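Colleague: Numbered per mature numbering (1 follows the signal peptide of the UniProt record, and there is no 0), the sequence shown spans residues -19 to -1, 1 to 232.
Every residue, glycine too, gets a C-beta built ideally from N, C-alpha and C.
None of these values were measured; they are calculated from a predicted model.
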Amino acid sequence: MKYFLLAVVFLSSISVSLGQVSGQIAGGAGGAFGIGGRATTDPFLATRLAKLHKKNTIEGEILGSPYLNEEFIKSKVYYGEEYIGDYYIRYNALNSEIEIKETAYPEEEAKRLLADDQLRIKYGLRELRFTTYINKKGETKNGYLSIIEKGKNFTLYHRLAVKFSEGKAAVNSMVMPIPSRYAQFTEYYYQQEGVNRIDQLNQKKAAVLKILDKEDRDVVNTFLKDQKINLDDEEDLIRTFEFINTIDTSS
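#1: Evaluate Phe222 with the Cβ neighbour count: other Cβ atoms within 10 Å of its Cβ, from every protein chain shown; 16 or more gives buried, anything less gives exposed.
#2: Would DSSP call Phe111 helix, strand or coil?
#3: Relative to the alpha-carbon of Lys32, which residue among Gln172, Val176, Lys82, Val152 has its alpha-carbon at the smallest distance?
#4: Just reading off the beta strand (DSSP E) that Phe204 is part of, what are its end residues?
#5: Quick check: the Cα distance between Ala73 and Tyr104, rounded to an integer number of angstroms?
#6: Kindly indicate the opening and closing residues of the beta strand (DSSP E) around Val143.
#7: Within this structure, are the beta carbons of Gly61 and Gln99 separated by less than 8 Å?
#8: Got a sec? Which residues, its chain only, sit under 6 Å from Asp197 by beta carbon, not counting five neighbours each side?
#9: Identify whether Asp67 lies in helix, strand or coil by the three-state DSSP scheme.
#10: Apart from the five residues on each side of it in sequence, which residues of its chain come closer than 8 Å, Cβ to Cβ, to Ala151?
#11: For Ser161, I'd like the list of residues in its chain whose CB is within less than 6 Å of its CB, leaving aside the five on either flank, ordered along the chain.
#12: Under three-state DSSP, which class holds Phe53?
#13: For Thr112, which option in Tyr138, Lys209, Arg220, Leu193 has the closest C-alpha, if you only look at C-alpha atoms?
#14: Taking the alpha helix (DSSP H) that Arg220 falls in, what are its first and last residues?
#15: Please confirm if the segment 114 to 122 is in contact with the segment 163 to 180, defined as three or more CB-CB distances below 8 Å between the two stretches.
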């Protein structure tokens, strides 16, 4: 009987020890987004995280990337004017979503930051803002834009867009297969001061002049000619809107 009681005590102690080990929560920031089954303790993020969208399984080679940068970049996150903290961010331009981690450790599972028009993310050299805009087809869309010029007359936005094109298999030995690819391209949007909408910018000179007041078109047209502006070049486009924002429209 004595040996039986000793065995019970010994097994019970092993069970308790194993339970303590298996129930341990990883300390530090590394466990905050779900490592070890732990939810984030950040009150701001607690209700703003979701699983990443499932990726489509595509066979074969895929050229390009849906990401602005494949790496997670340490970035500052704001909600309105309130600084929330530094997090590791990767921007999926194809899905127009922010992937977020609290550390750079590869074993930490990334989450999707739910979209909110109060979010601002200092990501590299750009600041991503979730907003509503109207594309050239007249469709109302939601996504992340970056302000690249802001003045008293206009705000100019940059948008990295990604399009996925599915490849085609070779129909015979004489034809090369076409791989699937992610194609990145840039779009620009503008918002006139006092107008509550953001529209895609047509970068043709006539179209840019058309968004201006009639009395300002000649002076801007002269600027474009004198400065030999190429509106397809981002630096020249920014210079143009910097000039437009110097025009006094109050008279």
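Modeller: According to the structure data:
#1: One-based indexing of the sequence shown puts residue 222 at position 241. Phe222 is buried by the Cβ-count criterion.
#2: Locating residue 111 in the sequence shown gives position 130, counting from the first residue. Note: Phe111 maps to strand in three-state DSSP.
#3: Taking the sequence shown and counting its residues from 1, one reaches residue 32 at position 51. Among Gln172, Val176, Lys82, Val152, the Cα nearest to that of Lys32 is on Lys82.
#4: Taking the first residue of the sequence shown as 1, we reach residue 204 at position 223. Looking at the DSSP string, Phe204 is not in any beta strand (DSSP E); the run it does join, the alpha helix (DSSP H), is 195 to 207.
#5: Here residue 73 refers to the residue found at position 92 when the sequence shown is read from its first residue. Here residue 104 refers to the residue found at position 123 when the sequence shown is read from its first residue. Checking the displayed sequence, the identity of residue 73 turns out to be Asn instead of Ala. C-alpha separation (whole angstroms): 12 Å.
#6: The count along the sequence shown starts at 1 and reaches residue 143 at position 162. Per DSSP, Val143 belongs to the beta strand (DSSP E) from 135 to 146.
#7: As a position in the sequence shown, residue 61 is number 80, starting the count at 1. As a position in the sequence shown, residue 99 is number 118, starting the count at 1. For Gly61 and Gln99, yes; Cβs fall inside 8 Å.
#8: Against the sequence shown, residue 197 aligns to sequence position 216. Only Ile228 meet the Cβ criterion.
#9: Looking up residue 67 in the sequence shown gives position 86. Three-state result, Asp67: strand.
#10: Position 170 of the sequence shown holds residue 151. The answer, listed in chain order, is Met157, Pro158.
#11: Here residue 161 refers to the residue found at position 180 of the sequence shown. Ile39, Ile43, Glu147, Gly148.
#12: Counting from 1 along the sequence shown, the entry for residue 53 is found at position 72. If DSSP states are grouped into helix, strand and coil, Phe53 belongs with coil.
#13: Here the question's residue 112 lines up with position 131 in the sequence shown. The shortest C-alpha separation from Thr112 is found at Tyr138.
#14: The count along the sequence shown starts at 1 and reaches residue 220 at position 239. Residues 215 to 225.
#15: yes
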